[in-house]
Amino acid sequence: MPVLLADLLATVERLWPVAGAEAWDAPGLVTGDPQGEVGRVLLAVDAVAATVDEAVDTGADLLIAHHPLLLRGVTSIAEDRYKGALLARLIRADCALIAAHTNADVVETGTSAALADRLGLVDAAPIVPSAADPGRGLGRAGRLTEPTTLGRLARRLAEVLPPTASGVRVAGGYDDPVETVAVCGGAGDSLLSHPVVQGADVYVTADLRHHPASEAREQAVLGGGPALIDVSHWASEWLWLDGAAAELREAHRELEVVVSDLRTDPWDFQVLQ
């Protein structure tokens, strides 16, 4: 039987409390009637044309996206602009939209925790613990059950992450020993100078820009610091969806909860020189 969207919103708040979101974030209900009924849920990293079409075409009553569609100020939702077009398509199809972003990053089963788990890290703990709950927070750092090399760890990431055009980029020696690993799903260059990251053998994250990455590696050569592995933002967070779906199914066994397999990484191909 369908459940009320209001009841699902209560579950989402229990699983990924909005209080855990960063101040700049915009999680929560984007569109939809809280008194409406939900029987099928689609989970995706991004609310883009492909995933909105997938939700509508497969009869989903709710799309839960990790990235908020309306993160920054919007002054128009005219349908000749993509955000307006997506919202109009969802509203006409009576498909609600919820964003679970940094509030889903920081929980014990969040994006970084999912990545750490797939790498087999033990004793993983937040890089930046929450003041309210030290078991929650940004990023995760832990150790491998057996030491490996930077090259082998990069190949392991290429196996566990869904394929993308950008692949897995590495700064460091292929045979450098690795035992302690820090990870941050999504864009993590703000944590490059954090002591926990600096104390790890390697830092795995996404969206590393030239200057922060270059400066981090130069400092590592001079005074120590981690090797860097840069992966796709979308891929690093896609791993979270299966666990999120399982949590929703456990809370509402009458729901059909589906994870989108569509690649919404923005890059289509790469030409190697």
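Numbering (my numbering), first residue to last: 3 to 275. The beta carbon of each residue, even a glycine, is placed where N, CA and C say it ideally should be. Predicted model, so just to flag it, every value in this text is computed and none were measured.
Helix, strand or coil at residue i [DSSP, three-state]
i, result
"G169", "coil"
"E110", "coil"
"A134", "coil"
"R142", "strand"
"V223", "helix"
"L65", "strand"
"G175", "coil"
"R83", "coil"
"D59", "helix"
"T77", "coil"
"A46", "strand"
Residue i, enclosing alpha helix (DSSP H) - first and last residue
i, result
"V198", "P197 to Q200"
"V14", "L7 to L17"
"V32", "No alpha helix (DSSP H) holds V32; the beta strand (DSSP E) holding it covers G30 to T33."
"D232", "Run containing D232: none in the alpha helix (DSSP H); it sits in the beta strand (DSSP E), A229 to V233."
"R255", "Careful: R255 lies outside any alpha helix (DSSP H) and carries neither H nor E."
Option in the options with minimal Cα separation from residue i
i, options, result
"A247", "E258, S238 and A237", "E258"
"L71", "A62, A98 and E161", "A98"
"V130", "G139, R145, E249 and D9", "G139"
"L11", "A115, G34 and Y205", "G34"
"G201", "S192, D209, T207 and A184", "A184"
Buried versus exposed, by CB contacts within 10 Å (16 or more), residue i
i, result
"P29", "buried"
"T147", "exposed"
"S195", "exposed"
"R211", "exposed"
"E24", "exposed"
"L230", "buried"
"E176", "The sequence as given places Tyr at residue 176; Glu does not occur at that position. Looking at its Cβ environment, which holds fewer than 16 other Cβ atoms inside 10 Å, Y176 is exposed."
"A84", "The amino acid occupying residue 84 in the given sequence is Tyr; Ala does not appear at that position. By the neighbour-count rule (16 or more Cβ atoms within 10 Å), Y84 is not buried but exposed."
Endpoints, beta strand (DSSP E) assigned at residue i
i, result
"Y205", "V204 to A208"
"E181", "P179 to A189"
"T266", "Element bounds for T266: n/a, residue is neither H nor E."
"D125", "V124 to A127"
"L99", "A98 to A101"
Check your understanding: So does the region 39–58 actually touch the region 82–99, counting three or more Cβ pairs closer than 8 Å?
Key -> The region 39–58, when compared against the region 82–99, does touch it at the 8 Å Cβ threshold.
Review point. Is the number of C-beta pairs between the region 41–52 and the region 252–268 that are closer than 8 Å three or more?
Key: Contact holds between the region 41–52 and the region 252–268, because three or more Cβ pairs, one in each stretch, are under 8 Å apart.
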